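Just so we're aligned, residue 23 is where the sequence shown starts under this note's numbering, counting upward by one.
Don't be surprised by glycine CBs; every beta carbon is placed ideally from N, CA and C.
Since the model is a prediction, treat every value here as computed from it, not as a measurement.
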Amino acid sequence: MDESTEFWSIVLNTKLCILRNEQERVQKKTFTNWLNTYLTNADPPFKVQDLFEDIKNGVLLIRILEVLSGEKLRTETRPQMNRIHCLSNIKTGLEFLNSKNVKLVNVNPTDIADGKPAIVLGLIWVIILYFQIEEQEELLLKILDLPPGSLKTRGSAKRALQAWVQEIFAGKYDVKVRDFGPSWRDGIAFNAMVHNIDSSLVEMDKVKTRTAKENLEHAFSQAEKHLGIPRLLDPEDVDVDRPDEKSIVTYVAQFFKAYPDAGRRRTDSPTKTDIKLQLDNLMKFIRESEVKLKTIRSSGFNLNEQYQAYEQLIASKEKEEVNFESLKDQWYSGLISHTDSLINPSEVEILEESWNNFTDTINEWLWEIDGKIPGDFGRIAKWLSQAEKWFKQVSFKWYQKSSSTEAMGFCGTIKESWRPSSAEPPHSPPSSELLDKLLNEKVEIFGTNNHKLNSIRDDLSRVMRSEKTIDLPSSLIDRLGERLSKVTGCEPGNSAVVSAAKARRTFLDILYNVNRTETTTGVRIRSRRRQSATGFEHRFCNWLDLVDGNLHAETKEMVNSILTDYQFCLKTEHVPEKLDQCKCDLSKHYGLLTKIAQFDDQLLPKNALDIVQRWQDDCEVKWNQDKFNQLIQLGERIKHRLTVWDQLDHYIKNIENWLSQFEDSTSSEDDWFNRRDEIFRLLEEANEAARYLGDSADHHRLEMFQRRIEKLEADAFKRKRDHVEKLEAKRLADKLKLDQEMNEHLTKIECWINLVKELIDNKLGNKLKHLHVRCTSNGLTIIVEQLQNVLDQQPQTLEHLQNAINLRQNPSIQPIQVEQNDRLNHVEEQIDKYINLLAIKLKDITDLKEKTHEIEQNLHDTTCQVNQLEQRQNNIFLNTDDNTWESSQLCHDFNDCRGHLTFTNGQVNDLERALNLQTNRGMSILNKFSVEELYDDIKTTEIVIQRKLYNKQLINEVFTTLKQQLDEIQLTLNDIKYTTINNDRNNKEDLMNLLEKLKVLRCKYTESMKANDRQCQNCLNSAASQGDGDMLLNEMKLKISQMKNDINEQCVNIDNEIQQLDNQLNKSLKNVNELEEKTKQAEEWIIQQEHRLTTLTAGPLNDVSNDTLDSLSDRIKYHQQWVDECKKLTETIKKQSQNYDPILRQDDPDSVFETGSPLSNLVETMCKRIQHLELNAKILNNV
């Protein structure tokens, strides 16, 4: 791509970018206005501030769909909306559109949530097309008389809407609508649509005389104000080279939505007979009321009776006023046909005029009643009458009604005609005298700063609060308060329109300088045509005629006089400043009127805003910055014209001096030819000045100068021709020699160019024609050397070129041969083309050489890096740091290696693209197999390492699980051991439980070891089934062996501890059994001794029945036996208790029971029984 093409490509892309941005701006603005029009009906109301931001959460999308469809959709609304909630809302809206068979293309919820402008605008455009046009397909097809289903194809809805517009304009308006773009730019089509609906809103004969922006503004404002069409566009959005089609379709669709039959909204219209009857009834009411009012005013009614009759008449008037306003609205809105034969338009006009006269008569009657009110209320009422009369004067006199005269104004450009006129623009204010009179009356009635108004308001409040009996109707007093409130509210608006009229009148007086006088028969206008009293318009026209050359009697003195008048107008009279001040005052008063209208437009005189705005617009048209710039330019042009007069006099004087000198002396032809150019220049400048000044300049004298110069020119050429013929013969001989020298230089240059072309186009020399030049650093070195040799010859070639150019410029060789000239031009073009390309080509090839060397070096380095990685993977099982692929250093090394290779591959691809260019053909790219093989090597090595790390991770997980199980077993074993050590006096049942737990723990330990062996074997089997080699399996077995060795010591410790604890618990259980047996024997012995003690306690045997000697002897015998038995019992108990004492002692450190256990309690009880037995035996022995 050459530089020119690239430049225009950049320019075109920039323009397209600007156009897209402008279309996006207009579409965003139009669609935002369209959305806000409907979202005011949402619940709650919603307003779009930034379309691309507000639509992100999906709430806006659901709200507009709910308003347009009338259906309720599920919405996620939270104070803190997360992205998932936003996507849910957007998805709900898109699913709803799909359910309506609305076709959505490339519209994703994520794009809407991201606020992508193109997607958002496309979605809103689809919604507009469907709900504004396609949803009313049946009605549109019926209007256009099209078959059903005609709107199903793509773009048919827009074409149908265009057909609807064309149907409106056909045969009625000379408007061609071929698209929704340029056809609408001038605003005529928009105005035609408004006129078609209500012809009173647009005057079609004035549309073509206005500018496009004026037409657009008028159509948009009228449609919004009177037809209810939302203002989606502004004139600056349409008055562009390429108006946005979608925005115009959206706006035109509003007309179709509101007026599908291209006429009025479909409502039930009243019948013609009802309207005629209503009109007759109103005229009858006016006539009867006027007769009744005349009768009352001529009668001798007192104040109360007259006011009571006034209130009755006002009540009737207010009741009929509703019918009058309704009839007037129907008439002016077009609901009543103006061509209806049953209703004459003049009747409506007569009715309106009669109603206004009747209203004026009622007001005059009220003012008469005010004059009859006594006391302070009478004074207040008379003041109110004055104020209301002043309001009436203002309403009738603050501007003149429209007339047939056309408005005057500045010309659009300096070239346009602008002629003064005695006529004034329509709706002009009255004379300054009348306006000053109204303002003075206002001050007289209301006082300075309205102090009289404030005083009257205070007086009315004071009088109404007075306790003094007032013999007046309460309704009259209330009406006085209402009237005072109305006067207070209307005063600012009426004062503002009078002040605005004063500013407007001052503007017109400065502009036209007419003498306007109000007479009893109307307004008389007399123009002041004296030079000293002409208006600014007339003077401006005079200046314009001067600079346009339209003053035929123009002289230098006249131009000087006009320049003086111009400077007097600007610097002494300060006309521009006065006009600007009038505009400023008018704008200030209009701003006040606007604020009052926003509060209550009834407080303003009729048409106040419209008229003052027209004044403001007209003043802006007639005097603005462009007109001021035009005025300044006029001053510069007048000064320039005076300067041209001075220059013309100077040129004529100098030409006359030169011609007289050459005509009166014997000057040579060389002197003439040395001065002729200056003389011709002076004559040309004089003619140019004369042409600028027009017919007022002395053109005849300049023509005589021309004839005298032509005669001098002919004489000089005759003498010159003879001298030239002598020189021509010598020149031809010199030319032949120079031609030969020129050919030699061109031949050497062409040889160098051919050599350059061969190298640059890669057409190799004879030495390399049969060689296959590869893109390697060695191959490129050959080309670099050749290019450098050619570049070294470049200065000599340029020297030949400069010599050839010098020869061509040599007068002796002129005229140069066509062939030589073409050859020289050709070699100049070729050298200009190749002289820079040669250095660029050398630099490019040198860069290719360096890049190729770098690629070769990178491939070599990457190969070495891959080999190192392959060696490192052999020791991966012995490296305890690399457990997972992602966290391993090898993974980072592989990524680094792959990144280097990707970078190198990118370099190879860049080199290949560079070599595929036309300027590099003839060279072949490096073999890419080395890159691909490296990719395969990296992939293979990476897979092997991943498999090893995966198997290593499996083995680690197996042994980690085993380690956790062993730790759990060790903890349980520690608990059993702790229980055994710290609670060594447990009973038999506790010992049995501990042994059972130990047994379960031993089984769990055995099962964990077996499960570990199975899982290790499964890892080996899995690796073998997946094709892993013997080396990998051996490494896995080595790893498993290493892991088993690591936990072997812990397993041995657990085995020893389990065995020791088992022995200890079995020994304790055996001791408990032996103690139980001995305790049982002691129990039996104690029972026997207790029985013997009980028997002995009963005393010796005494079964002798008498007290004989024999019986006494028996008794002594039995007593002795009893004593022996007691001693024997005592000895037995003492001896046996010593035998059982070691068994029953609890402070033995080797005892297998502890205090508080059931066995301990039994031993304690037996000890007490033995002690009791010993005590009783001693007692018995003592006895």
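query: Beta-carbon contacts of ASN63 that lie in its chain and below 7 Å, excluding the five residues immediately before and after; result: VAL89
query: For LEU585 and LYS459, the rounded distance between their alpha carbons; result: 39 Å
query: Distance, LEU1017 Cα to LEU1087 Cα; result: 7 Å
query: Beta-carbon gap between LEU1023 and ILE998 smaller than 9 Å; result: yes
query: 8 Å contact criterion, which TRP206 and PRO265 should meet: CB distance rounded; result: 6 Å
query: Helix, strand or coil at GLY613 according to DSSP, with G and I counted as helix; result: helix
query: Spatially closest choice to LYS94 from LEU475, MET103, GLY115, LYS1092, by CA coordinates; result: GLY115
query: Helix, strand or coil at LYS69 according to DSSP, with G and I counted as helix; result: coil
query: SER425 versus PRO448 - alpha carbon distance; result: With a pLDDT of 41 at SER425, under the threshold of 50, the predicted position of this residue should be treated as unreliable, and no value is reported.
query: Beta-carbon proximity of LEU1020 to LEU1083, cut-off 9 Å; result: yes
query: Same chain, Cβ closer than 7 Å to LYS279, neighbours up to 5 away in sequence not counted; result: GLN154
query: Per-residue DSSP class, three states only, for ARG741; result: helix
query: Cβ-Cβ separation, THR59 to PRO252 (assumed contact under 8 Å), whole Å; result: 4 Å
query: Cβ-based neighbour list, GLN1168, same chain, cut-off 6 Å, excluding 5 preceding and 5 following; result: Residue placement at GLN1168 is poorly supported in this model, since its pLDDT is 48, which falls under 50; the coordinates still yield a value, given next. The answer is none, since no qualifying residue turns up.
query: Residues of its chain near ASP261, where Cβ-Cβ distance is below 7 Å and the 5 sequence neighbours each way are ignored; result: ARG207, ALA234, LYS235, LEU238
query: Other residues of its chain near GLU342: CB distance less than 7 Å, five sequence neighbours each side excluded; result: LEU304, PHE307
query: Buried or exposed by the 16-neighbour rule on C-beta atoms within 10 Å, applied to HIS767; result: buried
query: Cβ separation of LEU506 and LEU406, assumed to be a contact under 8 Å, to the nearest whole Å; result: 6 Å
query: Under 9 Å between C-beta atoms of GLY203 and ILE134; result: no
query: Spatial distance of ARG100 from LEU87 (CA atoms); result: 20 Å
query: For VAL224, the three-state DSSP class (helix, strand or coil); result: coil
query: C-beta contact flag for SER454 and ARG527 at 9 Å; result: yes
query: Beta-carbon contacts of GLU98 that lie in its chain and below 7 Å, excluding the five residues immediately before and after; result: HIS107, SER110, ASN111
query: Beta-carbon proximity list for ASP567, same chain, < 6 Å, skipping 5 on both sides; result: LEU573
query: Closest by C-alpha distance to GLU559, when choosing among ALA826, LYS339, LYS873, LEU530; result: LEU530
query: C-beta atoms of ALA738 and TRP667 nearer than 9 Å; result: no
query: Whole-angstrom distance between ALA861 and LYS138, CA atom to CA atom; result: 47 Å
query: Residue environment, ASN1040, which counts as buried when at least 16 other CB atoms sit within 10 Å; result: exposed
query: C-beta contact flag for VAL142 and LEU119 at 9 Å; result: no
query: The stretch 66 to 80 contacting the stretch 49 to 57, beta-carbon criterion three pairs below 8 Å; result: yes
query: LEU1055 vs LEU1042 beta-carbon contact at 9 Å; result: yes
query: Alpha carbon of ALA619 to alpha carbon of CYS641, nearest angstrom; result: 22 Å
query: Which of helix, strand or coil DSSP assigns to TRP420; result: coil
query: Exposure label - GLN1111; buried when at least 16 CB within 10 Å; result: buried
query: Where GLY92 falls: helix, strand or coil (DSSP); result: coil
query: Burial state of ARG561, where buried means 16 or more other Cβ atoms lie within 10 Å; result: buried
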